[in-house]
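Numbering (my numbering), first residue to last: 7 to 699.
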Amino acid sequence: MYFYAFIIMEWGLIMQRIEINIHTTNGLHVRAAATLIAKLNTTIKDSRILKKIFILYKGKKSPIMSLLSIASFKIKKGDKVIIQFEEEVSMSIIEEIKNYLEEEKVNYIEQNQTDHLLLENFIAIEGIFSRLSHGLVVVNKENLITYVNNEGEKLLGMSVEKLLNQRADLVIPHSRLHHVLQTGKEEIAQKQVVGKQVIITNRTPIILNQNIVGAVALFQDISTVEELIEELNRVKELKKQLELILHSVKDLIALTDSKGRFIYCNPEMEGFLNSLDNPDKVQFIFGIKKWKFCIKSQKCIPQLLDFKLGNSYIAKLSPILVEEELCGTILTMSPFHETQSLFDQLINEKKRIKYLESELSKYKKLNDSFLEIIGCSDVLMETLFIANKVAKSDSTVLITGESGTGKELIAKGIHKVSLRKDKPFIRVNCAAIPPNLIESELFGHEKGAFTGALHMRRGKFEQANNGTIFLDEIGDLKLDLQVKLLRVLQEKEIVRVGGDKTIKLNVRVLAATNGNLQKMVHDREFREDLYYRLNVIPIHIPPLRERKADIQSLIEYFRGHFNTSLNKEIHSYTDDFLHALMKYNWPGNIRELQNVIERAMNLSENDVLEIGDLPDNINMNSQQNSIINNQIENTETVLTMSEYEKKILKHVIQFYPSFNAAGKALGLTHKTVAAKVRKYNLESYMGKKYQTR
Numbered sequence: 007m008y009f010y011a012f013i014i015m016e017w018g019l020i021m022q023r024i025e026i027n028i029h030t031t032n033g034l035h036v037r038a039a040a041t042l043i044a045k046l047n048t049t050i051k052d053s054r055i056l057k058k059i060f061i062l063y064k065g066k067k068s069p070i071m072s073l074l075s076i077a078s079f080k081i082k083k084g085d086k087v088i089i090q091f092e093e094e095v096s097m098s099i100i101e102e103i104k105n106y107l108e109e110e111k112v113n114y115i116e117q118n119q120t121d122h123l124l125l126e127n128f129i130a131i132e133g134i135f136s137r138l139s140h141g142l143v144v145v146n147k148e149n150l151i152t153y154v155n156n157e158g159e160k161l162l163g164m165s166v167e168k169l170l171n172q173r174a175d176l177v178i179p180h181s182r183l184h185h186v187l188q189t190g191k192e193e194i195a196q197k198q199v200v201g202k203q204v205i206i207t208n209r210t211p212i213i214l215n216q217n218i219v220g221a222v223a224l225f226q227d228i229s230t231v232e233e234l235i236e237e238l239n240r241v242k243e244l245k246k247q248l249e250l251i252l253h254s255v256k257d258l259i260a261l262t263d264s265k266g267r268f269i270y271c272n273p274e275m276e277g278f279l280n281s282l283d284n285p286d287k288v289q290f291i292f293g294i295k296k297w298k299f300c301i302k303s304q305k306c307i308p309q310l311l312d313f314k315l316g317n318s319y320i321a322k323l324s325p326i327l328v329e330e331e332l333c334g335t336i337l338t339m340s341p342f343h344e345t346q347s348l349f350d351q352l353i354n355e356k357k358r359i360k361y362l363e364s365e366l367s368k369y370k371k372l373n374d375s376f377l378e379i380i381g382c383s384d385v386l387m388e389t390l391f392i393a394n395k396v397a398k399s400d401s402t403v404l405i406t407g408e409s410g411t412g413k414e415l416i417a418k419g420i421h422k423v424s425l426r427k428d429k430p431f432i433r434v435n436c437a438a439i440p441p442n443l444i445e446s447e448l449f450g451h452e453k454g455a456f457t458g459a460l461h462m463r464r465g466k467f468e469q470a471n472n473g474t475i476f477l478d479e480i481g482d483l484k485l486d487l488q489v490k491l492l493r494v495l496q497e498k499e500i501v502r503v504g505g506d507k508t509i510k511l512n513v514r515v516l517a518a519t520n521g522n523l524q525k526m527v528h529d530r531e532f533r534e535d536l537y538y539r540l541n542v543i544p545i546h547i548p549p550l551r552e553r554k555a556d557i558q559s560l561i562e563y564f565r566g567h568f569n570t571s572l573n574k575e576i577h578s579y580t581d582d583f584l585h586a587l588m589k590y591n592w593p594g595n596i597r598e599l600q601n602v603i604e605r606a607m608n609l610s611e612n613d614v615l616e617i618g619d620l621p622d623n624i625n626m627n628s629q630q631n632s633i634i635n636n637q638i639e640n641t642e643t644v645l646t647m648s649e650y651e652k653k654i655l656k657h658v659i660q661f662y663p664s665f666n667a668a669g670k671a672l673g674l675t676h677k678t679v680a681a682k683v684r685k686y687n688l689e690s691y692m693g694k695k696y697q698t699r
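In structure tokens form, the structure reads like this:
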């Protein structure tokens, strides 16, 4: 073999190399490598320098002091290797190594025999190590890695070049080989985390002549096993959850094997089977033919089962398939009467849903003009739905309702939705016009028709031509004018006062009243033929006391409105404030509520409306209700309705100066209050405490 030395610079380091051409018969075998290592140990006594000497062969690099690693290279005769010094050494040392490699004399007969034996054994051992399915790491007594097999490289995620001659505790996470070297005690089946892997490792000291010369670690990746264990635990947890579910349901549930034998029954099924003398197969319950059909068709089979004592069950037998192979069946049974009850409930819920959908559909169909009317109670929505539905026709509409319920809002809404929405909407308050002027106001007059008629004037009907006329308080029209109005409705034409010319009209008529026109017809105060001519489409607006669900929405609306107009910043109200408004009967309806909120916001000194901001009649009404309720609830004596009525009346009239005021508080007419006061001889109590309030 021959050599030559040269110096190269790499990453700022000075490295010396010897290139050697191997001439020995068996190459750089174990004995030759061992001899070389021994020579280096003798020549270079500095262990720090020895650790910096490497052998390079075919892209592989190994510390020259690692006999096992060098031998695993299998360097043959004629191969070239490089011995690299990564720490500067003197040329005399390199010369000495050169002379040794060139002049070494060996007994080749003895050497060949020994080398052959060593080589055979080493190759066998190295082959075993490299093919192990476990990782293998060997360290010397200084905890420097001297050998790593192929699986070890994979599990540690590092190449052998980066591992060899490195301290194990610095390159292997959580390594304890240094601890084994210190204690001499082996560590068996220890878990260790390396990167994202979990490995199980055995660590054993290497002892020679009672001295610890190294240690070996044998390890295996158990991440898959850990995942399987975790999956198994999840399955166990699911099993427990399933058992809890099966134990808690009222249905009868059983599992069978492929022969129909019961392998699991929940408590409900166990109790049922006990009543049948514990049959061991599902065929006894479900029938052999049905069971065979289920098995053959691999489909669910429903059936109504009748048993003794009149018990009936809705049963279902279902096949259990695993990878398309039948492995059993599951039987579920529900008492028929419970199922029937649930079915009835479902039918009722479907009806309710259908009703709610219908109501929602009505709301969605409402024109935006009607959505301006505040409230969403059922009675109000029904009224708005009817108004919305008839708006686009030209039929006459009669709107009824108490004062302050919003009849004009409904009339305006109908006009805005109608085909006449771009034409005039003329409102006439029949109660506000003097009787001697009402005819002229409605039908107009010619010049000189009466004293003061200096010019021709068009009446409200003419002004509303092609549009809509709204006749409010229609019940206040005198009988003689009712006749003329009837002719207008029938003939769709008018004649101005003082004129003889007939004027054709195209007007839709909307009328409204807060009175009872039917009673007025009966009392001959309103023409029956006019009533029926007006009452083509009747729309009734419920009073506020019948739609108290809308009160809170109305409060919010008026609060926002008056915050703007009064320059206030009132953001809410107390529960007592709302409770008092909800308890009040609202004889003046929405108009009265609007006035109450405006008054309260004017008087309030806070940013929250309180019960003290309400008028006395509403505040007192709330207190009276509480007092009366307490009187009724705190006694076991049951009185007659007349006695309760007398008690309530006696208490209320003390706080009001007149029948009219007391009637408003009670939601009754003044005539009714007066009659009842006289009936119970309570006149002396009238207004008794009025001045003390």
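We treat Cβ as the ideally placed atom computed from N, Cα and C, and that holds for glycine. Remember, it's a predicted structure, so these values are computed and weren't measured experimentally.
Checklist line | Distance between beta carbons of GLN469 and PRO430, contact taken as under 8 Å | finding: Within the sequence shown, the letter at position 424 stands for residue 430. Within the sequence shown, the letter at position 463 stands for residue 469. Going by Cβ atoms, the distance from PRO430 to GLN469 rounds to 6 Å, so yes, they are a contact pair.
Next item on the list: Verify whether the separation of the beta carbon atoms of GLU408 and ASN595 is less than 9 Å.
Entry: Position 402 of the sequence shown, counting from 1, holds the residue named residue 408. Position 589 of the sequence shown, counting from 1, holds the residue named residue 595. Yes, the pair counts as a contact, with Cβ atoms nearer than the cut-off.
Check: Can you list, in chain order, the residues of its chain whose CB lies under 8 Å from that of GLY473, leaving out five sequence neighbours each side?
Finding: Locating residue 473 in the sequence shown gives position 467, counting from the first residue. Answer for GLY473: HIS421, ARG426, LYS429, PRO430, PHE431, ILE432, VAL513 and ARG514, listed in chain order.
Notebook entry, point to check: What number of angstroms, rounded off, separates the C-alpha of ILE100 from the C-alpha of TYR63?
Noted result: Locating residue 100 in the sequence shown gives position 94, counting from the first residue. Locating residue 63 in the sequence shown gives position 57, counting from the first residue. If you take the alpha carbons of ILE100 and TYR63, they lie about 19 Å apart.
Notebook entry, point to check: For SER690, which residues of its own chain have a beta-carbon under 6 Å away from its beta-carbon, when the five flanking residues on both sides are left out?
Noted result: Your numbering for residue 690 matches position 684 in the sequence shown. Excluding sequence neighbours, SER690 sits near nothing in its chain.
Check: Would you say the stretch 52–63 touches the stretch 77–94, given that touching needs at least three Cβ pairs under 8 Å?
Finding: Touching, yes, given that three or more Cβ pairs across the two stretches are closer than 8 Å.
Margin query: Report the start-end ranges of each alpha helix (DSSP H) in the stretch 325–389 that is 4 residues or longer and not cut off at the edges.
Written below: 342–371 and 374–377
Margin query: Determine whether the beta carbon atoms of PRO179 and VAL200 lie at a separation below 9 Å.
Written below: Looking up residue 179 in the sequence shown gives position 173. Looking up residue 200 in the sequence shown gives position 194. Closer than 9 Å, so yes.
Notebook entry, point to check: From what residue to what residue does the alpha helix (DSSP H) around PRO308 run?
Noted result: What you label residue 308 is simply residue 302 of the sequence shown in a count that begins at 1. Premise fails: PRO308 lies in the beta strand (DSSP E), 307–312, not in any alpha helix (DSSP H).
Margin query: Pull the bridge partners of ASN146 from the DSSP assignment, please.
Written below: The residue you call residue 146 lines up with position 140 of the sequence shown. The partner list for ASN146 (beta bridge, DSSP) reads GLY220.
Checklist line | Beta-carbon proximity list for GLY158, same chain, < 6 Å, skipping 5 on both sides | finding: Position 152 of the sequence shown, counted from the start, is the residue given in the question as residue 158. So the qualifying residues of the chain are GLY141, LEU142 and VAL143.
Check: Just the Cα atoms here: how many angstroms apart are MET164 and ASN156?
Finding: By one-based count along the sequence shown, residue 164 stands at place 158. By one-based count along the sequence shown, residue 156 stands at place 150. So the two alpha carbons sit approximately 10 Å from each other.
Checklist line | Beta-carbon separation (whole angstroms), LEU516 vs ILE659, contact threshold 8 Å | finding: As a first step, residue 516 is located in the sequence shown; it is residue number 510 there, counting from the start. As a first step, residue 659 is located in the sequence shown; it is residue number 653 there, counting from the start. Cβ-Cβ separation between LEU516 and ILE659: approximately 41 Å, too far for a contact (criterion under 8 Å).
Next item on the list: Rounded to whole angstroms, what's the CA-CA distance from ASP482 to SER375? Just pull it up for me.
Entry: Numbered from 1 along the sequence shown, position 476 holds the residue referred to as residue 482. Numbered from 1 along the sequence shown, position 369 holds the residue referred to as residue 375. Taking the straight line from one Cα to the other gives about 29 Å.
Next item on the list: Spatial neighbours of VAL204 within its chain, please: CB distance less than 7 Å, with the 5 preceding and 5 following residues excluded, ordered by chain position.
Entry: The residue given as residue 204 occupies position 198 in the sequence shown. Setting aside the 5 residues that flank it on each side, VAL204 is surrounded in the same chain by LYS197, ILE228, SER229 and GLU232, each with a C-beta closer than 7 Å to its C-beta; the list follows chain order.
Item checked: C-alpha distance - ILE235 paired with ARG209, whole-angstrom precision -> In the sequence shown, counting from the first residue as 1, residue 235 sits at position 229. In the sequence shown, counting from the first residue as 1, residue 209 sits at position 203. Roughly 24 Å between the two C-alpha positions.
Notebook entry, point to check: Can you tell me the Cα-Cα spacing of TYR114 and GLY33, whole angstroms?
Noted result: The residue given as residue 114 occupies position 108 in the sequence shown. The residue given as residue 33 occupies position 27 in the sequence shown. Note on TYR114: pLDDT 43, under 50, position unreliable in the model; the coordinate value appears next. GLY33 has its alpha-carbon roughly 13 Å from the corresponding atom of TYR114.
Checklist line | Residue from LEU487, GLU598 and ASP613 with nearest C-alpha to GLU575 | finding: One-based indexing of the sequence shown puts residue 575 at position 569. Selected option, being the one with the closest Cα: ASP613.
Note to self: Taking 9 Å as the threshold (C-beta atoms), are ALA586 and ILE624 in contact?
What the structure shows: On the sequence shown, residue 624 is found 618 positions in, with the first residue counted as 1. On the sequence shown, residue 586 is found 580 positions in, with the first residue counted as 1. Yes. Within cutoff.
Note to self: Under 8 Å, with one C-beta from each stretch per pair, do the stretch 451–471 and the stretch 480–500 reach the 3-pair mark?
What the structure shows: yes
Check: Given LEU337, which residues of its chain have a CB within under 6 Å of its CB, disregarding the five upstream and five downstream residues?
Finding: On the sequence shown, residue 337 is found 331 positions in, with the first residue counted as 1. Answer for LEU337: ALA260, VAL288 and LEU323, listed in chain order.
Next item on the list: Evaluate CYS306 with the Cβ neighbour count: other Cβ atoms within 10 Å of its Cβ, from every protein chain shown; 16 or more gives buried, anything less gives exposed.
Entry: The sequence position of residue 306 within the sequence shown is 300, counting from 1. It is exposed - the Cβ of CYS306 has fewer than 16 other Cβ atoms within 10 Å.
Note to self: Between the alpha carbons of LEU311 and LYS395, how many angstroms are there, rounded?
What the structure shows: As a first step, residue 311 must be located in the sequence shown, where it is residue number 305. As a first step, residue 395 must be located in the sequence shown, where it is residue number 389. Approximately 53 Å between the Cα atoms of the pair.
Note to self: Tell me the rounded alpha-carbon separation between LEU150 and HIS29.
What the structure shows: Here the question's residue 150 lines up with position 144 in the sequence shown. Here the question's residue 29 lines up with position 23 in the sequence shown. One C-alpha to the other measures close to 31 Å.
Notebook entry, point to check: Using a Cβ-Cβ cut-off of 7 Å (strictly less than) and excluding sequence neighbours within five positions of CYS300, which residues of its own chain qualify?
Noted result: Translated into positions along the sequence shown, residue 300 becomes position 294. Contacts found: ILE307, LEU323, PRO325 and THR335.
Checklist line | Rounded C-alpha distance that separates GLU116 from LEU214 | finding: For the purposes of this step, residue 116 is identified with residue 110 of the sequence shown, where counting begins at 1. For the purposes of this step, residue 214 is identified with residue 208 of the sequence shown, where counting begins at 1. Here the model assigns GLU116 a pLDDT of 44, short of 50, so the residue's position is not dependable, and the following value carries that caveat. Distance between the alpha carbons of GLU116 and LEU214 is about 26 Å.
Notebook entry, point to check: Are the Cβ atoms of ILE480 and ALA455 separated by less than 9 Å?
Noted result: Numbered from its first residue, the sequence shown carries residue 480 at position 474. Numbered from its first residue, the sequence shown carries residue 455 at position 449. Their beta carbons are not under 9 Å apart, which means ILE480 does not touch ALA455 by this criterion.
Notebook entry, point to check: Name the DSSP bridge partner or partners of TYR270?
Noted result: Residue 270 sits at position 264 when you count from the first residue of the sequence shown. Paired residue(s): LEU261.
Item checked: Contained beta strand (DSSP E) runs [length at least 3] in the stretch 21–90, N- to C-terminal order -> 59–63 and 66–69
Notebook entry, point to check: How would you write the range of the beta strand (DSSP E) that VAL423 sits in, first residue to last?
Noted result: For the purposes of this step, residue 423 is identified with residue 417 of the sequence shown, where counting begins at 1. Where VAL423 is concerned, there is no enclosing beta strand (DSSP E), although the alpha helix (DSSP H) it sits in stretches over 413–423.
Notebook entry, point to check: Terminal residues of the continuous alpha helix (DSSP H) containing VAL494?
Noted result: The sequence position of residue 494 within the sequence shown is 488, counting from 1. First-last of the alpha helix (DSSP H) with VAL494: 485–497.
Notebook entry, point to check: Are the beta-carbon atoms of LEU495 and ARG533 separated by less than 9 Å?
Noted result: Counting from 1 along the sequence shown, the entry for residue 495 is found at position 489. Counting from 1 along the sequence shown, the entry for residue 533 is found at position 527. The answer is no: Cβ separation not under 9 Å.
Margin query: Please identify the residue among LYS652, ALA397 and ALA437 whose C-alpha is closest to the C-alpha of GLY419.
Written below: Here residue 419 refers to the residue found at position 413 of the sequence shown. Of the listed residues, the one whose Cα sits closest to GLY419 is ALA397.
Checklist line | ILE26, buried or exposed, once every other Cβ within 10 Å from all chains shown has been counted against 16 | finding: Numbered from 1 along the sequence shown, position 20 holds the residue referred to as residue 26. ILE26 is buried by the Cβ-count criterion.
Checklist line | ARG533, DSSP secondary structure in three states | finding: For this step, residue 533 is matched to residue 527 along the sequence shown. If DSSP states are grouped into helix, strand and coil, ARG533 belongs with coil.
Item checked: Cα-Cα separation between LYS111 and SER98, rounded to whole angstroms -> Here residue 111 refers to the residue found at position 105 when the sequence shown is read from its first residue. Here residue 98 refers to the residue found at position 92 when the sequence shown is read from its first residue. Any reading at LYS111 must be qualified, since the residue scores a pLDDT of 49, below 50, and its modelled position is unreliable; the value itself is stated next. Taking the straight line joining both Cα atoms gives about 21 Å.
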